[in-house]
Amino acid sequence: MKNLLIAALFGVISTSVLAGESTFEISIKDHMFSPAELTIPAGERVKLIISNDDASPEEFEGEDFDIEKVIPGNSKGTVFVGPFEPGRYEFVGEFHEATAKGALIVE
Ligand SMILES: [Cu+2]
Numbered sequence: 080m081k082n083l084l085i086a087a088l089f090g091v092i093s094t095s096v097l098a099g100e101s102t103f104e105i106s107i108k109d110h111m112f113s114p115a116e117l118t119i120p121a122g123e124r125v126k127l128i129i130s131n132d133d134a135s136p137e138e139f140e141g142e143d144f145d146i147e148k149v150i151p152g153n154s155k156g157t158v159f160v161g162p163f164e165p166g167r168y169e170f171v172g173e174f175h176e177a178t179a180k181g182a183l184i185v186e
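159 is the number that our numbering gives to position 80 of the sequence shown; each next residue is one higher, with no gaps.
In structure tokens form, the structure reads like this:
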């Protein structure tokens, strides 16, 4: 019983550590990212909440990392990125690549 309790507590702790990963928000408006450059910590898995404030769908796509996620108009999408080495990692909104450009600055 005691071991079960410890295991249960441990489960709660590891879940909360996962839930505690850094979260950052990016928005899309007029087919542009804001902020266009986002600084995130190196060596960590990071949660990005992408809010598409345009009426049309957008696809968040990493140029320098392997993520693709379509976000319908006027809604939010969540992706997990990293852990990355320090550097600059570009991404685009693939449906409006001419204007929807951004980068993660990993420090
Ligand atoms: Cu794509």
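Ideal Cβ placement from N, Cα and C applies to all residues, glycine included. Model, not experiment: these values are computed from the prediction.
For residue i, verify whether its CB is less than 8 Å away from any heavy atom of ligand 1.
i           : result
residue 138 : yes
residue 123 : no
residue 173 : yes
residue 147 : yes
Around the Cβ of residue i, are there at least 16 other Cβ atoms within 10 angstroms (buried) or fewer (exposed)?
i           : result
residue 131 : buried
residue 133 : buried
residue 128 : exposed
residue 161 : buried
residue 107 : buried
residue 105 : buried
By DSSP, does residue i sit in helix, in strand, or in coil?
i           : result
residue 93  : A caution first: residue 93 carries a pLDDT of 48, below 50, which makes its placement in the model unreliable, though a value can still be read off. Correct three-state label for residue 93: helix.
residue 163 : coil
residue 116 : strand
residue 173 : helix
residue 178 : coil
residue 137 : strand
Below 8 Å, can you find three or more Cβ-Cβ pairs linking the segment 140-151 to the segment 108-123?
-> no
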